[in-house]
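Enquirer: Have a look at this one before I ask anything.
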Amino acid sequence: MGKSYIHVNLKRFDILKSLGGVNDLDYSNSSDWFNVIANQLTNKVNQFSPLDYEFVFYIPEGYLISTLNRLDSKSQLQIGCQSVFSKDVVGNNNIGAFTTYRPASSMASIGIKDTIIGHSEERAYELEFLNSVSSDEELNKKAIQEDLEEKIINAQKVGMNVLYCVGESAEERDSDNWKAVLKKQLSLDFSKVDIDKLKIAYEPIWAIGPNRPVPSADKIQEVAEYIHSIIKDIPILYGGGLKETNALDIAGLPDVDGGLIALTNFSDNIGFYPEDFIKIVKKYDEGKK
Numbered sequence: 204m205g206k207s208y209i210h211v212n213l214k215r216f217d218i219l220k221s222l223g224g225v226n227d228l229d230y231s232n233s234s235d236w237f238n239v240i241a242n243q244l245t246n247k248v249n250q251f252s253p254l255d256y257e258f259v260f261y262i263p264e265g266y267l268i269s270t271l272n273r274l275d276s277k278s279q280l281q282i283g284c285q286s287v288f289s290k291d292v293v294g295n296n297n298i299g300a301f302t303t304y305r306p307a308s309s310m311a312s313i314g315i316k317d318t319i320i321g322h323s324e325e326r327a328y329e330l331e332f333l334n335s336v337s338s339d340e341e342l343n344k345k346a347i348q349e350d351l352e353e354k355i356i357n358a359q360k361v362g363m364n365v366l367y368c369v370g371e372s373a374e375e376r377d378s379d380n381w382k383a384v385l386k387k388q389l390s391l392d393f394s395k396v397d398i399d400k401l402k403i404a405y406e407p408i409w410a411i412g413p414n415r416p417v418p419s420a421d422k423i424q425e426v427a428e429y430i431h432s433i434i435k436d437i438p439i440l441y442g443g444g445l446k447e448t449n450a451l452d453i454a455g456l457p458d459v460d461g462g463l464i465a466l467t468n469f470s471d472n473i474g475f476y477p478e479d480f481i482k483i484v485k486k487y488d489e490g491k492k
């Protein structure tokens, strides 16, 4: 088995319960949130060889600088940002007039080397806005696809690695249209996109979140194999809920190279918990052997 990629896209579990948050992780205030996670995980992930595993955490922007400054230099945890803007100062003669946006060059400037682009939530919010001004949903999806490609290109221009998310909705799955959907999402301009700085996360949107159906290992393998028929030899991560209960089977799939995790607890105290994350990784590692 080759190298495995375990990536984590952290939701806004930093929000205190007094302000509507749901996480029961023990921290005194939100500024300590990710440091609590990192401190609990560093020694445990360091038990895995960096030749065998890559651990990347995509965290909200407000925590990036403090995390980079405080993270143990020996930690195998890599810190990434949650997407970048589709425009940048590089090659655009722009002095940096991007108020409220996150250009890739600004992320690279603080030491960020990884980003996640095209996550189902990113696509959904952009589509919701475009659908509010235009009824042509297919045209709107095409515009989003072009925007995401620009984000990938800009991230890679400044040396960042990109985890690019693709996936189909329940409606697209039920109409057996998933191949056409994925093909459109994977139709990138590889004269501009560097495949060596790209990984794919497959997000079956219909399977994401609590109380959702779970695709079988055979179905995940079928989709991953199809993705490899379009882009050969690219690492593919399963992003539809890598759990302790399915990690063993997913680790054994020939076309899957890891997982994208958001929740570790899907019921009761919903959230991301370090001890549960390590259980998932250990179960995945068991499945590789």
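Under the numbering used here, the sequence shown has 343 at position 140, and the numbering climbs by one with no breaks. We put the CB at the ideal spot given by N, CA and C, even for glycine. None of these values were measured; they are calculated from a predicted model.
1. Taking the alpha carbon of residue 314 as the reference point, which residue from 284, 303, 221, 340 has its own alpha carbon closest?
2. Could you say if the segment 440 to 449 and the segment 405 to 421 meet the contact criterion of at least three C-beta pairs nearer than 8 Å?
3. Mind the definition here: the segment 321 to 331 touches the segment 377 to 387 only if three or more C-beta pairs lie below 8 Å; say whether that holds.
4. Touching or not, the segment 204 to 212 and the segment 457 to 465, by the rule of three or more beta carbon pairs under 8 Å?
5. Where in the segment 364 to 444 do unbroken runs of the alpha helix (DSSP H), each at least 4 residues long, occur, reported from the N-terminal end onward?
6. Decide if residue 304 is buried, meaning its Cβ has at least 16 other Cβ atoms within 10 Å, or exposed.
7. Considering Cα atoms alone, identify which of 394, 452, 433, 398 is closest to residue 422.
8. Given a cut-off of 8 Å, decide if residue 366 and residue 319 are closer than it, judged by their beta-carbon atoms.
9. Short of 6 Å in beta carbon distance, which residues of its chain neighbour residue 385, apart from the five on each side in sequence? Order them along the chain.
10. Under 8 Å between the Cβ atoms of residue 289 and residue 235?
11. Have a look at 446, 473, 471, 271 and flag the residue whose alpha-carbon is nearest the alpha-carbon of residue 488.
12. Under a three-way DSSP split, which group does residue 212 fall into?
13. Look up residue 484 in the DSSP assignment and say whether it is helix, strand or coil.
14. Taking residue 278 as the reference, which of 418, 243, 416 has the closest Cα?
15. Within 10 angstroms of its Cβ, does residue 483 collect 16 or more other Cβ (buried), or is it exposed?
16. In terms of DSSP beta bridges, what is residue 474 paired with?
17. Applying the criterion that 16 or more other CB atoms from any shown protein chain within 10 Å of the CB defines a buried residue, is residue 412 buried or exposed?
18. What did DSSP end up calling residue 353 once you bin it into helix, strand or coil?
19. Leaving out five residues before and five after residue 233 in sequence, what residues of the same chain have Cβ atoms less than 8 Å from its Cβ?
20. Please confirm whether residue 246 and residue 270 have their CB atoms less than 8 Å apart.
21. Near residue 322, which residues of its chain fall below 6 Å by C-beta distance, leaving aside the five closest residues on each side in sequence?
22. Going by beta carbon distance, what residues of the same chain come within less than 6 Å of residue 359, once the five residues before and after it are set aside?
23. Leaving out the 5 sequence neighbours to the left and right, which residues in its chain are closer than 6 Å to residue 224 when beta-carbon positions are compared?
24. Could you tell me whether the Cβ atoms of residue 334 and residue 340 are closer together than 8 Å?
25. Applying the criterion that 16 or more other CB atoms from any shown protein chain within 10 Å of the CB defines a buried residue, is residue 332 buried or exposed?
26. For residue 248, collect the residues of the same chain with a Cβ closer than 7 Å to its Cβ; drop the 5 residues on either side in sequence, then sort them by chain order.
27. Based on DSSP bridge pairs, tell me the residues matched to residue 282.
Expert: Reading it off the structure:
1. As a first step, residue 314 is located in the sequence shown; it is residue number 111 there, counting from the start. The shortest Cα separation from residue 314 among 284, 303, 221, 340 belongs to 284.
2. yes
3. no
4. yes
5. Complete alpha helix (DSSP H) runs here, min 4: 373 to 377, 381 to 388, 420 to 433.
6. Walking along the sequence shown from the start, residue 304 turns up at place 101. Exposed.
7. The residue given as residue 422 occupies position 219 in the sequence shown. Nearest C-alpha to residue 422: 452.
8. Start at 1 with the first residue of the sequence shown, and residue 319 comes out as number 116. Start at 1 with the first residue of the sequence shown, and residue 366 comes out as number 163. Going by beta carbons, residue 319 and residue 366 fall inside the 8 Å limit.
9. As a position in the sequence shown, residue 385 is number 182, starting the count at 1. So the qualifying residues of the chain are 369.
10. The residue you call residue 289 lines up with position 86 of the sequence shown. The residue you call residue 235 lines up with position 32 of the sequence shown. No. Outside cutoff.
11. Looking up residue 488 in the sequence shown gives position 285. Comparing Cα positions, the closest option is 446.
12. One-based indexing of the sequence shown puts residue 212 at position 9. Assignment of residue 212 by DSSP, reduced to helix, strand and coil, places it in the strand class.
13. The residue labelled residue 484 in the question sits at position 281 within the sequence shown. Helix, per DSSP.
14. Numbered from 1 along the sequence shown, position 75 holds the residue referred to as residue 278. Among 418, 243, 416, the Cα nearest to that of residue 278 is on 243.
15. Working through the sequence shown from its first residue, we reach residue 483 at position 280. The residue is buried, with at least 16 neighbouring Cβ atoms inside 10 Å.
16. Here residue 474 refers to the residue found at position 271 when the sequence shown is read from its first residue. Partner(s): 468.
17. Reading the sequence shown from its first residue, position 209 is the one you call residue 412. Result: exposed.
18. Mapped onto the sequence shown, residue 353 falls at position 150. Residue 353: helix per DSSP, three-state reduction.
19. The residue you call residue 233 lines up with position 30 of the sequence shown. Within the same chain, residue 233 has close Cβ partners 217, 218, 219.
20. Here residue 246 refers to the residue found at position 43 of the sequence shown. Here residue 270 refers to the residue found at position 67 of the sequence shown. Going by C-beta atoms, residue 246 is not nearer than 8 Å to residue 270.
21. In the sequence shown, the residue the question calls residue 322 occupies position 119. Excluding sequence neighbours, residue 322 sits near 368.
22. By 1-based counting over the sequence shown, the position of residue 359 is 156. Correct list, in chain order: 397, 400.
23. For the purposes of this step, residue 224 is identified with residue 21 of the sequence shown, where counting begins at 1. If we look at residue 224 and ignore the five residues flanking it on each side, its Cβ neighbours are 218.
24. Looking up residue 334 in the sequence shown gives position 131. Looking up residue 340 in the sequence shown gives position 137. Cβ atoms of residue 334 and residue 340: closer than 8 Å.
25. Here residue 332 corresponds to residue number 129 of the sequence shown, with the count starting at 1. Residue 332 is exposed by the Cβ-count criterion.
26. As a first step, residue 248 must be located in the sequence shown, where it is residue number 45. Within the same chain, residue 248 has close Cβ partners 258, 279, 280.
27. The count along the sequence shown starts at 1 and reaches residue 282 at position 79. Residue 282 pairs with 260.
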